[in-house]
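In order, the protein sequences belong to chains E and H. Letter by letter, the first sequence follows residues 1 to 170 in this note's numbering. Letter by letter, the second sequence follows residues 171 to 243 in this note's numbering.
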Amino acid sequence: MPTFTLISAVTVGSGGASTIDFTSIPSTYTDLVLKTSLRGPTGYASDTMDTYLRFNGTTTNYSDRLLYGTGSAAASLSETLTGINFRVVGQNSTASTFGNAEIYIPNYAGSSNKSVSVDAVTENNATSVLTQLEAGLWSNTAAINQITLVPFTTGFAQYSSAYLYGVSNA
Amino acid sequence: MPNPSRIEVNCTTGEVLEIELTDAEVAELAYQAELAADAKAEEDRIAAQRAADKAALLDRLGITADEAALLLA
């Protein structure tokens, strides 16, 4: 029976946060799960905001295949960016809403390239919202010991949060 | 007013640090945000132009988008 153990939790304070960085992640679990609830900073006038997931402080060798729906259409695309990319809520979306994501990273401490799956939505009291299912790859054989959430622009808004879990016996 | 912070969580010790950005880091962040805003504006402009070009072409051909999709299927 798999067990989930909360490794660390973060809630952004009143000043906002430019990045959220989980460091010194223990290698004792089989998989990692990162649950996020994020919103872009005041002044970022867009419905959504790109966010990048980076491992071990690196910005290279990331690729992903994304299937998404906008509320009126569905499409897919391939991306090669500076991190695994998903979108969260921007300041043009309904006030006090956040974009939610669950990110699964199997075999994060192994010596193979690392796969990542992302299941994310934005929230908005309107037709235009974004649902995202994504298969990501970090072509690097190093064990993951650091995960950084990096916003496209200046930061994450207050009350954004991130929870990192370790999964044992998955 | 203090500069914004970056949050660093040490998952082994549980220590959470909120590290205030230096003035240089804030300036760099603002510069990157400006670049990002410019890039987004350019993306939006290209998308709007493509949509307008598509609508104009469909209009010239006298068919709907669904009919165009049927032709390409």
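Here a beta-carbon is modelled for each residue, glycine too, at the ideal position from N, C-alpha and C.
C-beta neighbour in chain H for residue i, strict 8 Å
i, result
"G90(E)", "no"
"S18(E)", "yes"
"I144(E)", "no"
"G22(E)", "Per the sequence shown, the amino acid found at residue 22(E) is Phe instead of Gly. Chain H contact via Cβ: present."
"V12(E)", "yes"
"S8(E)", "yes"
"G15(E)", "yes"
"L66(E)", "no"
"L38(E)", "no"
Delimiting residues of the alpha helix (DSSP H) encompassing residue i
i, result
"I103(E)", "Note, I103(E): premise wrong, no alpha helix (DSSP H); beta strand (DSSP E) at G99 to P106."
"A209(H)", "D193 to L231"
"L81(E)", "Per DSSP, L81(E) belongs to no alpha helix (DSSP H) and is neither H nor E."
"E237(H)", "A235 to L242"
Contacts that residue i makes with chain H (C-beta to C-beta distance below 7 Å)
i, result
"F55(E)", "None at all; the shortest Cβ gap to chain H is about 14 Å."
Proximal chain E residues relative to residue i, where beta-carbon distance stays under 9 Å
i, result
"L199(H)", "S18, T153, T154 and G155"
"L191(H)", "S18"
"E188(H)", "G13, G15 and A17"
"A226(H)", "Those within 9 Å of A226(H) in chain E number zero; the least Cβ separation is about 20 Å."
Contacts that residue i makes with chain H (C-beta to C-beta distance below 9 Å)
i, result
"F98(E)", "None at all; the shortest Cβ gap to chain H is about 16 Å."
"I25(E)", "C181 and T182"
"L164(E)", "V179 and C181"
Residue i beta carbon near the ligand FAD (any heavy atom closer than 7 Å)
i, result
"L67(E)", "Of the ligands one can find in the structure shown there are none, so the ligand FAD has no counterpart to examine."
Residue span of the beta strand (DSSP E) that contains residue i, given as start and end
i, result
"E190(H)", "V186 to E190"
"T148(E)", "I147 to P151"
"F156(E)", "Segment: none, F156(E) is in no beta strand (DSSP E) and carries neither H nor E."
"N180(H)", "S175 to N180"
"G136(E)", "T131 to W138"
"T183(H)", "That residue, T183(H), is in no beta strand (DSSP E); it is neither H nor E in DSSP."
"I25(E)", "Per DSSP, I25(E) belongs to no beta strand (DSSP E) and is neither H nor E."
"D31(E)", "D31 to L38"
"I7(E)", "T3 to T11"
"D47(E)", "D47(E) -> no beta strand (DSSP E), and no H or E assigned at all."
Test: residue i CB closer than 8 Å to a CB of chain E
i, result
"G184(H)", "yes"
"E212(H)", "no"
"I177(H)", "yes"
"A247(H)", "Within the shown structure, residues of chain H are numbered from 171 to 243, placing residue 247(H) beyond reach of any answer."
"A222(H)", "no"
"A238(H)", "no"
"A194(H)", "no"
8 Å Cβ cutoff, residue i in contact with chain A
i, result
"A203(H)", "Within the model displayed, chain A is absent; protein chains E and H are what it includes."
Chain E contact residues for residue i, given Cβ-Cβ distances below 7 Å
i, result
"A243(H)", "Ordered by position in chain E, no residue passes the 7 Å Cβ test against A243(H), which lies about 16 Å from the chain."
Proximal chain E residues relative to residue i, where beta-carbon distance stays under 8 Å
i, result
"A206(H)", "F152 and T153"
Quiz item: Should the stretch 203-215 of chain H be regarded as contacting the stretch 178-194 of chain H, the criterion being three or more beta carbon pairs within less than 8 Å?
Solution: no
Quiz prompt | Given 8 Å, three or more beta-carbon pairs between the stretch 143-160 of chain E and the stretch 23-43 of chain E | solution = yes
Exercise. Please determine if the stretch 128-144 of chain E and the stretch 72-84 of chain E are in contact, where contact requires at least 3 C-beta pairs separated by less than 8 Å.
Key: yes
Quiz item: Which residues, in chain order, does the stretch 129-144 of chain E contribute to contact with chain H at a C-beta distance below 7 Å?
Solution: So nothing in the stretch comes that close.
Exercise. Please confirm if the stretch 2-17 of chain E is in contact with the stretch 52-68 of chain E, defined as three or more CB-CB distances below 8 Å between the two stretches.
Key: no
Quiz item: Counting Cβ pairs closer than 8 Å, one from the stretch 67-81 of chain E and one from the stretch 97-112 of chain E, do we hit at least three?
Solution: no
Quiz prompt | the stretch 9-21 of chain E / the stretch 118-134 of chain E touching (three or more Cβ pairs under 8 Å) | solution = The stretch 9-21 of chain E vs the stretch 118-134 of chain E: no contact.
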